[in-house]
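Per the working numbering, residue 74 is the first one in the sequence shown, and the count goes up by one each step.
Cβ coordinates follow ideal geometry from the N, Cα and C atoms, glycine included.
Quick caveat, the model's predicted, so the values are computed rather than measured.
Before any comments, here is the structure.
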Amino acid sequence: MSHTDNYSAVLINENVNEIRGLDVERLSEKAFRNKSKFLSDDEIDLLPINDLYFYSTLFWSAKESVYKKSNIPNIFLKSNIKIANIDFENNIINAELLYKDIIVKINVFWSIYDSMVVTYTD
């Protein structure tokens, strides 16, 4: 479950033993202003220059979805969750959860609804 402003989102999973992540964020300049707090230099280089506010918000939301899926306390968006690649045609972000010596690859899907970014994990 996630919410922002007057919107909320719920992700229903048929497999009760599988944790999935979901996030919803309003498009704004806030994520762009704070990008260095949650994105590495390599991830900042992935941001398409044609719409920095959108993609900063998208990357923030994607990392939040991975964080929620991980269910691991004390992990950090900047150092433990990496945006590895972005597939613009299929609205998929390839992310990696880096924890101790383990790397878990996670697909994050996104859609836009009424100036909101909605992201969810596989």
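Is DSSP giving residue i helix, strand or coil here?
i	result
L120	coil
F182	strand
D96	strand
N79	coil
N153	helix
L112	coil
M137	The residue you asked about is not Met; residue 137 is Glu in the sequence shown. Reduced to three states, the DSSP call for E137 is helix.
K103	helix
F161	coil
Nearest CA to the CA of residue i: which residue from the options?
i	options	result
V181	A168, V190, V97	A168
F127	K141, F161, T194, K178	F161
A104	L95, S113, M189, S129	S129
N153	E87, K110, E98, R106	K110
D96	L150, S188, K136, S113	K136
E116	N123, R106, K151	K151
P146	S184, L170, I156	L170
K178	V190, A157, N163, L100	A157
Count the other CB atoms within 10 Å of the CB of residue i; is the residue buried (16 or more) or exposed (fewer)?
i	result
Y186	exposed
I166	buried
I159	buried
F132	buried
Per DSSP, residue i forms a beta bridge with which residues?
i	result
T192	D96, W183
A168	I156, I179
Less than 8 Å between the CB atoms is what I'm expecting for residue i and residue j, so what's the real figure, rounded?
i	j	result
S138	T194	5 Å
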